[in-house]
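As you go down the protein sequences, you meet chains D and U in turn.
When the first sequence is numbered by the numbering used here, its final residue is 114 and no position is left out of the sequence of numbers.
When the second sequence is numbered by the numbering used here, its final residue is 1113 and no position is left out of the sequence of numbers.
We treat Cβ as the ideally placed atom computed from N, Cα and C, and that holds for glycine.
Nothing here was measured: the structure is a model prediction, and the numbers come from that model.
Beneath this line is the structure, given in C-alpha cells, with notes to follow.
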Amino acid sequence: GAVVSQHPSWVICKSGTSVKIECRSLDFQATTMFWYRQFPKQSLMLMATSNEGSKATYEQGVEKDKFLINHASLTLSTLTVTSAHPEDSSFYICSAQFGVTEAFFGQGTRLTVV
Amino acid sequence: GDSVTQMEGPVTLSEEAFLTINCTYTATGYPSLFWYVQYPGEGLQLLLKATKADDKGSNKGFEATYRKETTSFHLEKGSVQVSDSAVYFCALSIVQGAQKLVFGQGTRLTINP
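Written as C-alpha cells, this is what we have:
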C-alpha cells in the first residue's frame, strides 16, 4: 500500500509553546487528509478534514484556532498545536487519501506537554 | 450520532487459538465497515472491509461479515499466530468517497507462543 509518513513520532514540549506535526504522502498525491486524536484507551476521534488548497473543516468541539491545519500541497499537511497545555497531550494520527481510494495512515505522533 | 462499540481488551490468547473480537455499530445511514490493525510503532493498516449488508471481508485469515440485522461486524480468525499481536480497530464510514471514519476504542491482542 501507499506510504504516509508522520513526523515527529514523539515530542515533548513546554506548556505555552507551539508544536508542529507533519504528515506526508510519500508515493501518491493526497487530495484529502484527515487528522485524528486518540486519548489513552479511547477511540481515534476525527479532528478535521483538509483538502489541498482550501481551509480545513473542523469537527464540532475542535478549536480551529488551537489546532491549525495547513494543507498547502498534495503531499504535505501540517497540524500545529498552538499554546499547548498538558490537556493537549495525546496521540495524533493523520491519514491521506487520493480521490475515493482507501485512506492510508501515518504512524502517529505522541505529544506530551509538560 | 454514529458510533462504534468494540469488545474491550486487552485480549490474550495462545497460539492457534480461535479469535473473536466483537464490534457493533450505530449509524443513521448505510455505512461501510472496516477493521484496521496497528502493529507496534506503525500506522493503522486496513485489514478488511465490507460495504453492504451480508458482505464478508477477508484478509490474512481474518474474516468479518456485515450483519445489518444485528448491526455487527465481528472479527474472527480460526488460528492466531504470535505475529497477529497488535491493536485492532473497528470503524465505519458513511461518506462515500472521502473516508471520514468513526472508530471503536481499539482492542489490544496479545498472542503467546
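Option in U:1063, U:1070, U:1069 with minimal Cα separation from residue 1078 (chain U): Closest by C-alpha distance to residue 1078 (chain U), out of U:1063, U:1070, U:1069, is U:1063.
Around the Cβ of residue 1032 (chain U), are there at least 16 other Cβ atoms within 10 angstroms (buried) or fewer (exposed)? Per the 10 Å Cβ criterion, buried.
Let me confirm a value: residue 1038 (chain U) is counted as buried when at least 16 other C-beta atoms fall within 10 Å, else exposed. Which label applies? So residue 1038 (chain U) ends up on the buried side.
Give me the Cα-Cα distance between residue 1090 (chain U) and residue 51 (chain D), rounded to the nearest whole angstrom. The alpha-carbon atoms of residue 1090 (chain U) and residue 51 (chain D) are separated by roughly 25 Å.
Give the residues of chain D in contact with residue 1109 (chain U), contact being defined as C-beta atoms less than 7 Å apart. Those within 7 Å of residue 1109 (chain U) in chain D number zero; the least Cβ separation is about 15 Å.
Pick from D:49, D:26, D:76: whose alpha carbon is nearest that of residue 67 (chain D)? Checked all of D:49, D:26, D:76; the closest Cα to residue 67 (chain D) is D:49.
Inter-residue spacing [alpha-carbon to alpha-carbon] between residue 1093 (chain U) and residue 1101 (chain U): Between residue 1093 (chain U) and residue 1101 (chain U), the C-alpha separation is close to 5 Å.
Below 8 Å on the Cβ atoms is my contact criterion, and I expect residue 85 (chain D) with residue 62 (chain D) to pass it. Report the Cβ-Cβ distance as a whole number of Å. That belief does not hold up - the Cβ atoms of residue 85 (chain D) and residue 62 (chain D) are roughly 15 Å apart, past 8 Å.
Start-to-end residues for the beta strand (DSSP E) that takes in residue 71 (chain D): For residue 71 (chain D), the uninterrupted beta strand (DSSP E) run begins and ends at 67-73, by DSSP.
For the beta strand (DSSP E) containing residue 3 (chain D), list its first residue and its last residue. Element bounds for residue 3 (chain D): n/a, residue is neither H nor E.
Give the residues from the segment 1030-1052 of chain U that approach chain D closer than 9 Å (Cβ to any Cβ), ordered along the chain. Listed by position, the residues of the segment 1030-1052 of chain U near chain D (Cβ gap below 9 Å) are 1036, 1038, 1041, 1042, 1043, 1044, 1045, 1046, 1049.
Per DSSP, which one or two residues make a beta bridge with residue 1022 (chain U)? None; residue 1022 (chain U) has no bridge partner.
Mind pulling the chain C residues with CB within less than 9 Å of residue 1101 (chain U)? Reference to chain C is not applicable here, since the protein chains of this structure are D and U.
For residue 62 (chain D), which of helix, strand or coil comes out of DSSP? In the three-state reduction of the DSSP assignment, residue 62 (chain D) falls in the coil class.
Other residues of its chain near residue 2 (chain D): CB distance less than 6 Å, five sequence neighbours each side excluded: Excluding residues within five positions, the ones whose Cβ falls inside 6 Å are 27, 28, 104.
Excluding five sequence neighbours on each side, which residues of the same chain lie with their C-beta closer than 6 Å to the C-beta of residue 1057 (chain U)? Once the five neighbours on either side are set aside, the close Cβ partners of residue 1057 (chain U) are 1048, 1049, 1050, 1064.
At a Cβ cut of 7 Å, what residues of the segment 45-74 of chain D count as close to chain U, listed as they run along the chain? Cβ contacts with chain U: 46, 49.
Decide yes or no for the touch test of the segment 31-49 of chain D against the segment 89-98 of chain D: beta carbon pairs closer than 8 Å, at least 3 of them. Contact check between the segment 31-49 of chain D and the segment 89-98 of chain D: three or more CB pairs, one atom from each, fall below 8 Å, which counts as touching.
Pick out whichever of D:108, D:106, D:24 has its Cα sitting closest to the Cα of residue 71 (chain D). Ranking the options by Cα distance to residue 71 (chain D), first place goes to D:24.
Neighbouring residues, chain U, relative to residue 107 (chain D) (Cβ below 7 Å): Ordered by position in chain U, the residues that pass the 7 Å Cβ test against residue 107 (chain D) are 1041, 1042, 1043.
Looking at chain U, is there any beta carbon in it that lies within less than 8 Å of the beta carbon of residue 11 (chain D)? Output row for residue 11 (chain D): interface = no.
Taking the alpha-carbon of residue 1016 (chain U) as reference, which of U:1076, U:1103, U:1104, U:1088 has the nearest alpha-carbon? If you compare the alpha carbons of U:1076, U:1103, U:1104, U:1088 with that of residue 1016 (chain U), the shortest gap goes to U:1076.
Cβ closer than 8 Å: which chain D residues qualify as neighbours of residue 1104 (chain U)? Near residue 1104 (chain U) (Cβ distances below 8 Å), the residues of chain D are 43.
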